[in-house]
Structures are given as C-alpha cells and as structure tokens.
Amino acid sequence: MTEPRPFKDHFSAAAADYAAHRPRYPAALIDYLAGLAPASACALDCGCGSGQLSVPLAGRFARVVATDASAAQIAKAEPHPGVDYRVALAEHSGLPPASVDLLTVAQAAHWLDLERFYAEVRRVARPNAVLALISYGVLHVEGPPAPLVEHFYYRVLGPWWPAERRHVEEGYQSLPFPFAEYQAPALAIEVQWTLAELLGYLDTWSAVRALEKARGRAPVERFAAELAAAWGDPGARRTVRWPLALRVGRVEAP
C-alpha cells in the first residue's frame, strides 16, 4: 500500500451550519439498503458529518456506528439513542472483524484513501455485507431561481471547488469499486425550502469558503441578492431536488 493521505478538513469550521442546513437522506434509500443487507444488527456510516444518514439508518438497524475524522462535526451531530458517534478515520474504524452488515459513505467517498478504506471494509464486513457509496451532485431549484443557482455553482464557484469535487459530479463512476455491484434504483433527495433555508445550505459549500477567503463576502452577497429578487416572497417554499448517485456492492465472504 501507499502512504496514507492526510485528512483534508474542509468542513470542521462550518460544522454548526452543516448540521443545521444539510438535507437528510430519504426513507426510500434506507429501505433499499436495509433490504440488501444480510442482517440488521449493525450499520457503519463512515464520514458521517453530523448524522444526515446515520440517524435515518437507526430506524432500520439495531446499532449504527457513525464515524467522522472531524471532531467538530461529531460534536454537532444529531443525538440519537441508536447511533454511536465516534471520531475516527473511515480507513480505521476501530470495530472488530466481521461485525458490520451495512457500510455507507455518503457524500464523502471522494475524500477517502480508497485502497485503505476498502481493506477496512473487507475486515469489518460480515459475510455478504453491503457497501454503499452515496453522492448527490448539483441541485435543481424549482422556478426562476434555477438558472441563477446553476450559474453560481458552475461559473462563480467553479474555480474554487476542490479537485475531488469532480467525483461527485460524476456520480462516483470514476472511482474504483472492486465489489459485485448492484444496479441501484433512481432515487433523490427532495425538500420544500424557503429562501433562507436554501441560502443556509449553499453557505455550507466548501467552494464558498474558498471564494470568501480569496475575495471576501461580496460575490456571495451579490448572488444572494439576485436570488432573493428571483425568489419573490422569501417565505414561499420551492422544491429543491438532488438526484442520488449510488455505487452499491456485496462484500463477498472470503
């Protein structure tokens, strides 16, 4: 194996905003993954952030271990009696061998040392456990704000996204995935948000932090004003949708 990559921490500074504004994953995703898992004793959610997937998983698994390399993210994670939050690298979960029925990585696989992570997956997986890499790419906002959000994402923020972001935009299809793979169903996150809720989410983007550091807050505030003008009544709720991209595979018994 190569030397481990250092942990790239783009989110600890915004952990509170991440917990407040990142969307949860839909029940249909949880049902699909739980239906594939060989049992429902334990799920391991790696790179869990503040628990957007961990908490829903707890509705279908007796125990969910949720790990993140960021202590700040874990500190802001949503408490749940069925979720055991731990500060740990995905590549070193600390769990005993052959103890996990389902392993998930939601919106975080592009940050991992995949060679080491996959070795850890094989170590902790029970026979025929399931691994799921989950990502959601560019959001679609209902109505007149849509082209403004698209322009902000691609044109204003384009140069400021980390290089790893391309893997998200590609639905993780360019990442190696050495497992017997399933054809996953078409799923999406869908919410009804006000203007403030959408702006809160957009402010969690790592590219926004990078742009602010280089050029100050003015470009973001200019976009927010344009978005508000297109939105109309700020209390009006618009549909915001993220198609999910899944790489789902069986960790076969040795």
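Under the UniProt record's numbering, think of the first position of the sequence shown as 1, with each following residue one higher.
Backbone N, C-alpha and C define an ideal beta-carbon position, used for all residues, glycine too.
Taking a contact as a CB-CB distance under 8 Å, the pair W231 and L139 does not count as one, their CB atoms being some 15 Å apart. Here H140 is bridged, per DSSP, to R241. Put simply, of E226, L195 and G47 the residue whose alpha carbon is nearest the alpha carbon of R237 is L195. Sorting L114, W193, A58 and E91 by C-alpha distance to the C-alpha of H167 places L114 at the top. Pairing V240 with W193 gives a Cβ-Cβ distance under 9 Å. C46 is the residue among R250, E164, P178 and C46 whose C-alpha sits nearest the C-alpha of E91. The beta carbon of V191 lies closer than 6 Å to those of P23 and V240 in the same chain, with the five residues before and after it left out. The alpha-carbon of L33 is positioned some 23 Å away from that of A19.
Bridge pairing for A225: absent [DSSP]. For A66, the secondary structure class from DSSP, reduced to helix, strand or coil, is strand. DSSP, read as helix, strand or coil, puts G35 in helix. Here the alpha carbon of A72 sits roughly 31 Å from the alpha carbon of H151. A distance below 7 Å between beta-carbons, with the five flanking residues on each side excluded, links R250 to the following residues of its chain, in chain order: N128, V130, F179 and A180.
Counting only runs of 4+ residues, the alpha helix (DSSP H) found wholly inside the UniProt domain "Methyltransferase type 11" (44-132) occupies 54-57, 71-75 and 114-124, in chain order. Nearest to V105 by C-alpha distance, out of A39, V64, E212 and V141, is V64. A distance below 6 Å between beta-carbons, with the five flanking residues on each side excluded, links Y85 to the following residues of its chain, in chain order: A66, I74 and A77. By the Cβ neighbour-count rule, Q173 is exposed, with fewer than 16 other Cβ atoms within 10 Å of its own. Taking the Cβ atoms as the reference, L103 lies roughly 6 Å from V121, within the contact range of under 8 Å. By the CB criterion at 9 Å, H21 and Y201 fall inside the cutoff. Non-local C-beta neighbours of P38 in its own chain, meaning closer than 8 Å and more than five positions away in sequence, comprise D101, R126, P127, N128, A129 and V130, ordered along the chain. Using a Cβ distance threshold of 9 Å, A184 and L246 count as a contacting pair. Secondary-structure assignment with DSSP links V191 through a beta bridge to V240.
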